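Structure record follows, encoded as structure tokens.
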Amino acid sequence: MAFRGVVTLDALGTLVELRQPAPLLAAEFQARGADVSERQAGAAIVEEIAYYRAHLDVGADAASLALLRERCAAVLREALERAGADLGDMSQAVVLEALLAALRFEPYPEVHAALVALRAAGRRLVVVSNWDISLHEMLERTGLCELVDGALSSAEVGAAKPDPEIFRRALELAGCSAQGGLHAGDSVDSDVAGARAAGLRPVLVARDGAPAVVPAGVAVIASLDELAALAA
37 MAFRGVVTLD
47 ALGTLVELRQ
57 PAPLLAAEFQ
67 ARGADVSERQ
77 AGAAIVEEIA
87 YYRAHLDVGA
97 DAASLALLRE
107 RCAAVLREAL
117 ERAGADLGDM
127 SQAVVLEALL
137 AALRFEPYPE
147 VHAALVALRA
157 AGRRLVVVSN
167 WDISLHEMLE
177 RTGLCELVDG
187 ALSSAEVGAA
197 KPDPEIFRRA
207 LELAGCSAQG
217 GLHAGDSVDS
227 DVAGARAAGL
237 RPVLVARDGA
247 PAVVPAGVAV
257 IASLDELAAL
267 AA
């Protein structure tokens, strides 16, 4: 099969979804002897996720990722206590263990088949995501690593979408130019804008319906089932 160019892909919201974390987090704390309600867990995880999103690029290697996770666990603990949860003398290591156990990413149902189809059509596939260095671990754990040709997180590159640098690095990893390439992602601001700046054709993945305003000339798909046709 002749090589026919690259398709870059966003991760969260495009390839994988995060399972509803509040009930999982409450269950993980309860399993470790703490009385944490789903309401309390829900309020706390919102704060933790906001902190993580603002600081994810700190996690560029194993040491800095460990530090980022420790800070996230501290934010979570403080938020749980403000919400009325009593963690007693639970160590920060156990709080972090519960947090990580509750964050479960799963591929969308069509993703495996869609990636296989794109590869069969001669496309090289690179995941490009605003994520810490554990992006690679997540792809391995979800079985997606073997279906793509590479992955780059914003933390390891030092540039986050929509900065075109992360896309340029993805093109280097794929060993090709932007010509004829596509990028699929669920954010107009990060994915569409970044792809255009890098010379890639953007495809907006709108699983919950298209936004009110879509930039002119941008294809909109409801799932990755539709991507192979656009990449043909």
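Add 36 to a position in the sequence shown, counting from 1, and you land on the number used in our numbering.
Positions of the beta carbon are idealized from the N, C-alpha and C atoms, including for glycine.
Model, not experiment: these values are computed from the prediction.
Less than 7 Å between the beta carbons of Ile202 and Val228, yes or no?
The residue labelled residue 202 in the question sits at position 166 within the sequence shown. The residue labelled residue 228 in the question sits at position 192 within the sequence shown. Inclusion of Ile202 and Val228 in the CB contact set at 7 Å is not warranted, their separation being larger than that value.
For the beta strand (DSSP E) that Glu84 lies in, which residues bound it at each end?
To locate residue 84, count along the sequence shown from 1; it is residue 48. Where Glu84 is concerned, there is no enclosing beta strand (DSSP E), although the alpha helix (DSSP H) it sits in stretches over Glu74 to His91.
Roughly how many angstroms separate the alpha carbons of Ala115 and Asp125, rounded to a whole number?
The residue given as residue 115 occupies position 79 in the sequence shown. The residue given as residue 125 occupies position 89 in the sequence shown. Distance from the CA atom of Ala115 to the CA atom of Asp125, rounded to whole angstroms, is 16 Å.
Contained beta strand (DSSP E) runs [length at least 3] in the stretch 122-173, N- to C-terminal order
Whole beta strand (DSSP E) segments, 3+ residues: 141-143 and 160-165.
Just how far apart, CA to CA, sit Leu54 and Val147?
For this step, residue 54 is matched to residue 18 along the sequence shown. For this step, residue 147 is matched to residue 111 along the sequence shown. Going by the C-alpha atoms only, they are around 15 Å apart.
Under DSSP, the beta strand (DSSP E) around Ala187 begins and ends at which residues?
Start at 1 with the first residue of the sequence shown, and residue 187 comes out as number 151. It spans Gly186 to Ser189 - the beta strand (DSSP E) in which Ala187 sits, taken as one unbroken run.
Between Cys212 and the rest of its own chain, which residues show a CB-CB distance below 7 Å, the 5 nearest in sequence each way excluded?
Within the sequence shown, residue 212 is the residue found at index 176, counting from 1. For Cys212, where only same-chain residues beyond five positions count, the Cβ hits under 7 Å are Gly41, Val42 and Arg160.
Under the DSSP definition of a beta bridge, which residues are partnered with Thr44?
Residue numbering aside, residue 44 sits at position 8 when the sequence shown is read from its first letter. Thr44 pairs with Val162 and His219.
Note down the Cα distance separating Met37 from Ser259, rounded to an integer number of angstroms.
Taking the sequence shown and counting its residues from 1, one reaches residue 37 at position 1. Taking the sequence shown and counting its residues from 1, one reaches residue 259 at position 223. Unreliable positioning characterises Met37 in this predicted model, as indicated by a pLDDT of 46, which lies under 50. A coordinate reading is not provided.
Exposed or buried, what is Pro238 when buried is set at 16 or more other beta-carbons lying within 10 Å of its beta-carbon?
Counting from 1 along the sequence shown, the entry for residue 238 is found at position 202. The residue is buried, with at least 16 neighbouring Cβ atoms inside 10 Å.
Which runs of the alpha helix (DSSP H) at least 4 residues long sit entirely within the stretch 197-255? Give them in chain order.
Complete alpha helix (DSSP H) runs here, min 4: 200-210 and 229-233.
Would you kindly check if the distance between the Cβ of Gln76 and the Cβ of Ala121 is under 7 Å?
Walking along the sequence shown from the start, residue 121 turns up at place 85. Walking along the sequence shown from the start, residue 76 turns up at place 40. Taking 7 Å as the Cβ cut-off, Ala121 and Gln76 qualify as a contacting pair.
Beta carbon of Arg210, beta carbon of Leu188: below 7 Å?
As a working mapping, residue 210 is identified with position 174 in the sequence shown. As a working mapping, residue 188 is identified with position 152 in the sequence shown. Going by the sequence as given, residue 210 is Ala instead of Arg. No; because the gap between Cβ atoms is not below 7 Å, this pair is not in contact.
State yes or no: is the C-beta of Val111 within less than 7 Å of the C-beta of Glu133?
Within the sequence shown, the letter at position 75 stands for residue 111. Within the sequence shown, the letter at position 97 stands for residue 133. With contacts defined as CB atoms closer than 7 Å, Val111 and Glu133 fail to qualify as a contacting pair.
Span of the alpha helix (DSSP H), counted from its first residue to its last, around Val111:
Here residue 111 corresponds to residue number 75 of the sequence shown, with the count starting at 1. If you look at Val111, you'll find it in the alpha helix (DSSP H) that goes Ala98 to Arg118.
Is it right to say Arg113 is buried, meaning 16 or more other beta carbons lie within 10 angstroms of its own, or is it exposed?
As a first step, residue 113 must be located in the sequence shown, where it is residue number 77. With 16 or more other Cβ atoms within 10 Å, it is buried.
When burial is assigned at 16 or more other CB atoms within 10 Å of the CB, is Asp225 buried or exposed?
For this step, residue 225 is matched to residue 189 along the sequence shown. Under this definition Asp225 is an exposed residue.
Buried or exposed by the 16-neighbour rule on C-beta atoms within 10 Å, applied to Ala245
Within the sequence shown, residue 245 is the residue found at index 209, counting from 1. Position check: residue 245 holds Gly in this sequence, whereas Ala was assumed. By the neighbour-count rule (16 or more Cβ atoms within 10 Å), Gly245 is not buried but exposed.
I'd like to confirm the pairing. Which residues does DSSP put opposite Val94 in its beta bridges?
The residue labelled residue 94 in the question sits at position 58 within the sequence shown. Val94 is not bridged to any residue.
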